[in-house]
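Chains as they are written, first to last, in my numbering: chain H, 1 to 178; chain Y, 179 to 356; chain E, 357 to 534; chain C, 535 to 712.
Protein chains: 4
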Amino acid sequence: MFARKGFYATKVSEVAKAAGVADGTIYLYFKSKDDLLVSLFEDRIMLLLATLERALALRPTPQERLRCVIEMQLGLLEGERDLAEVITVNLRQSTRLMKQYAAPKFMLYLDTIARVIAEGQKSGAFRPDVSPHLVARTIFGALDGIAMTWALGKAEAGGLSRAATQVADVLLSGLLAK
Amino acid sequence: MFARKGFYATKVSEVAKAAGVADGTIYLYFKSKDDLLVSLFEDRIMLLLATLERALALRPTPQERLRCVIEMQLGLLEGERDLAEVITVNLRQSTRLMKQYAAPKFMLYLDTIARVIAEGQKSGAFRPDVSPHLVARTIFGALDGIAMTWALGKAEAGGLSRAATQVADVLLSGLLAK
Amino acid sequence: MFARKGFYATKVSEVAKAAGVADGTIYLYFKSKDDLLVSLFEDRIMLLLATLERALALRPTPQERLRCVIEMQLGLLEGERDLAEVITVNLRQSTRLMKQYAAPKFMLYLDTIARVIAEGQKSGAFRPDVSPHLVARTIFGALDGIAMTWALGKAEAGGLSRAATQVADVLLSGLLAK
Amino acid sequence: MFARKGFYATKVSEVAKAAGVADGTIYLYFKSKDDLLVSLFEDRIMLLLATLERALALRPTPQERLRCVIEMQLGLLEGERDLAEVITVNLRQSTRLMKQYAAPKFMLYLDTIARVIAEGQKSGAFRPDVSPHLVARTIFGALDGIAMTWALGKAEAGGLSRAATQVADVLLSGLLAK
DNA sequence: TATGAATGAGAATTCATTCAT
DNA sequence: GATGAATGAATTCTCATTCAT
């Protein structure tokens, strides 16, 4: 609902009706309307983090690990256009929301990406002249931007995974040591 | 004000007071509160587009042109933390706002970047195996993500221009034909 | 709880928790939240009435009987600051509550005081030129006001019984026939 | 409206309609619904205080001054049954309201009465063996109780001023030095 | 008897917008 | 053009009460 109508335009009573419960019941499980949005985000980013850690454990080379990150971030949203819209668009409704709740969890995610880069640099696979954290922010932003334009546009099925391969190609060849 | 408190948390009366006019006066110049935000965005993106076109005219090689894009997008926000926050965070109020007003102008901007890529591919400078539009979305997203994390974090002076160089290095070597 | 937080600010669930039972259990013993307050009041005023009647039976002279009334009304609350607050403050929730439930019982109480006065007048002990009912209302109000200011203030231990003696002195010498 | 329906049972929108303004307009003049009630009380008690001080200035003897207090407190409500109900009943809805807002102004009023008593004691007119503040609380309570029973009952015209004379007789002869 | 999760009616308050001055 | 007092629609959240277990 947040994706379709926007967070502020969505009434709690609509969420309740869609969930098949009474208005008050929402408040037995969520502290406030804000909490509803934040929980959605946290659920997903924690899921992403957990899945990512597990997947990374199976990929030995830095190249594979980076592709893994890219595939997972876009994969989380593939087929879930509404979720993509909530996370890339609606979540950013208010700075307060972002700073207070989303930022900490989000930083954990950036840290994970940065660690992949740093390890690749240490092993000599990636160029050492760039900041791992900056690269992490670049990668996150690139994928987020792709998801956003995908969600706001036609959101074609399979579009994100096709994008993932190309983006990975470009970023990887930009990061590999010469 | 939108940046500091969020669009919805900012009252029109606060904007009026900050501008030193009466509440009603706002409505002599803007159709609605939404219009206030959209105008802000349009002003800036049109400025960015115009400045970018002018700057691109002076850069002959695709490499220089791409660096130019990167420097300008981040440069627009350098030193204007609040503006960065409005554009990367607050503007994403609602899908309606994005789709109806921001998207068209935004597409013009993506088109400009895509054109730079396509020209680079045609001239043989950039690898031909990636979609110019996808690369444009990647570049925009990367820069937007950097600006967002910069704005939400400490927003250190000079941070964005230092970032620009490194991002340009990575993206360029990822895009150059072998 | 009603005394500490006010009747409207006290949730039934808080009363239930304080009583160590589940919310629903309250409704097995009380018809409604209002009933909770009314029962509290009725319990106490009936207790006061019964105790008062018993005590009055032992005091032969009008003077003693009047002192008895004063001591009992203030004595009921001595050491029970919360109860004093409920009766003097919180019970006055709404005119409806007062008129419908409290007033009848309350009138019984005023009647008892008025009877003490009337008997004193008949016996020649009290001045005959004042209405017994008006005097009863005066006495009740005076004691209620003392209890209220005591409850809203520091509610010092022993404060009410010390007050009782002085008030009785004043009222008695005001009522005695010349 | 508060008197007729009780404070909690009265909706702000009803007050607004009765006042012939829109709901929101209430909030341009009062901070909250509570403030509406408190303002009513403060207005009146300040009026009472001012009128009382002025009237007291014209009465030389302690006896006259005490009668003056009694006449004014009951006189304020004479003919204003609703106001009497608000002040004696509705205002006492919550301890918070009383303690936080009403108490300070109320104490000023009690102080004024106590001063009348203390002066009477100093001049030798009143018995010296009772606390002026306790007597003030007694007098206030007696009058408040009379007003309350009057408001909750038939509230006959002229009832309060007739009561005033009798109460003054009793209290005065109770207070005069022997 | 006791429970406590679910209910949903209800109300205070906010704030974008208007328009008489 | 500018003002800012007044508007009133709109919405979150609370909490007394119920009832299946």
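Glycine included, each C-beta is placed from N, C-alpha and C at the ideal position.
Query, Result
"Which of helix, strand or coil does DSSP assign to Phe185 of chain Y?", "coil"
"Applying a beta-carbon distance threshold of less than 7 Å, which residues of chain E neighbour Arg671 of chain C?", "Gly501, Ile502, Thr505"
"Kindly list the residues whose CB is nearer than 7 Å to the CB of Arg593 of chain C, restricted to its own chain and excluding five residues on each side of it in sequence; keep chain order.", "Arg599, Cys602"
"Excluding sequence positions up to five away, which residues of its chain have a Cβ less than 7 Å from the Cβ of Arg360 of chain E?", "Asp438"
"How many Å lie between Ala320 of chain Y and Ile139 of chain H at the Cα?", "6 Å"
"Does the Cβ of Leu255 of chain Y have 16 or more other Cβ atoms within 10 Å, making it buried, or fewer, making it exposed?", "buried"
"With 16 as the cutoff for other CB atoms within 10 Å, does Glu85 of chain H come out buried or exposed?", "buried"
"With DSSP run on the structure shown, which of helix, strand or coil describes Leu236 of chain Y?", "coil"
"Could you run through the region 511-528 of chain E and flag, in chain order, every residue whose CB is less than 7 Å away from some CB of chain C?", "Ala519, Gln522, Val523, Asp525, Val526, Leu527"
"In three-state terms, what does DSSP make of Phe126 of chain H?", "strand"
"Kindly indicate which three-state DSSP category Leu225 of chain Y falls into: helix, strand or coil?", "helix"
"Quick one: what's got a C-beta closer than 8 Å to Lys565 of chain C's C-beta in the same chain, skipping five residues either side?", "none"
"Is there a Cβ of chain C sitting closer than 7 Å to that of Leu392 of chain E, yes or no?", "no"
"Run through the DSSP bridge pairs and tell me what Leu176 of chain H is partnered with.", "H:Phe126"
"Determine the extent of the alpha helix (DSSP H) in which Phe318 of chain Y is found, giving its start and end residues.", "310-330"
"How big is the Cα-Cα spacing for Asp485 of chain E and Ala470 of chain E?", "14 Å"
"Name, please, each residue of chain E whose Cβ falls closer than 7 Å to the Cβ of Ser547 of chain C.", "What Ser547 of chain C touches in chain E: nothing, since even the nearest Cβ is about 18 Å away."
"Which chain Y residues sit within Cβ distance under 9 Å of Leu48 of chain H?", "Those do not exist, as Leu48 of chain H stays about 16 Å from chain Y at its closest Cβ, beyond 9 Å."
"Expressed to the nearest angstrom, what Euclidean distance is found between the alpha-carbon atoms of Ser339 of chain Y and Val549 of chain C?", "60 Å"
"May I ask you to list, following chain order, the residues of the region 282-298 of chain Y that have a beta carbon less than 8 Å from some beta carbon of chain H?", "Leu288"
"In terms of residue numbering, what span does the alpha helix (DSSP H) encompassing Leu625 of chain C cover?", "Counting along the chain, Leu625 of chain C falls outside any alpha helix (DSSP H), and DSSP gives it neither H nor E."
"For Gly431 of chain E and Leu644 of chain C, I'd like the C-alpha separation in whole angstroms.", "23 Å"
"Comparing alpha-carbon positions, which option in C:Gly692, C:Thr646, C:Lys688, C:Ala670 lies nearest Met540 of chain E?", "Outside the displayed range of chain E (357 to 534) lies residue 540 of chain E, so it cannot be described from this structure."
"If you follow the alpha helix (DSSP H) that Gly202 of chain Y is part of, which residue opens it and which one closes it?", "201-207"
"Where does Gly79 of chain H fall in DSSP's three states?", "coil"
"Looking at the structure shown, is Ala16 of chain H part of a helix, part of a strand, or coil, going by DSSP?", "helix"
"Taking Ser131 of chain H as the query, report the chain Y residues whose CB atoms sit under 8 Å from its CB, ordered along the chain.", "Gln344"
"Count the other C-beta atoms from every protein chain shown that fall within 10 angstroms of the C-beta of Leu152 of chain H, then say buried if there are 16 or more, exposed otherwise.", "buried"
"DSSP state of Met357 of chain E, grouped into three classes?", "coil"
"Is Gly530 of chain E closer than 7 Å to Leu705 of chain C when the C-beta atoms are compared?", "yes"
"For Leu583 of chain C and Leu642 of chain C, which I take to be in contact (beta-carbon distance under 8 Å), what is that distance rounded to the nearest angstrom?", "6 Å"
"Counting contacts by CB-CB distance shorter than 7 Å, is Asn320 of chain Y in contact with chain H?", "Asn is not the amino acid found at residue 320 of chain Y; the sequence shown has Ala there. Ala320 of chain Y counts as touching chain H."
"Identify whether Ala281 of chain Y lies in helix, strand or coil by the three-state DSSP scheme.", "helix"
"Mind checking Thr203 of chain Y: buried by the 16 CB within 10 Å criterion, or exposed?", "exposed"
"Select from E:Lys534, E:Asp390, E:Pro418, E:Tyr383 the residue whose C-alpha is nearest the C-alpha of Ala458 of chain E.", "E:Asp390"
"Rounded to whole angstroms, what's the CA-CA distance from Asp678 of chain C to Asp557 of chain C? Just pull it up for me.", "33 Å"
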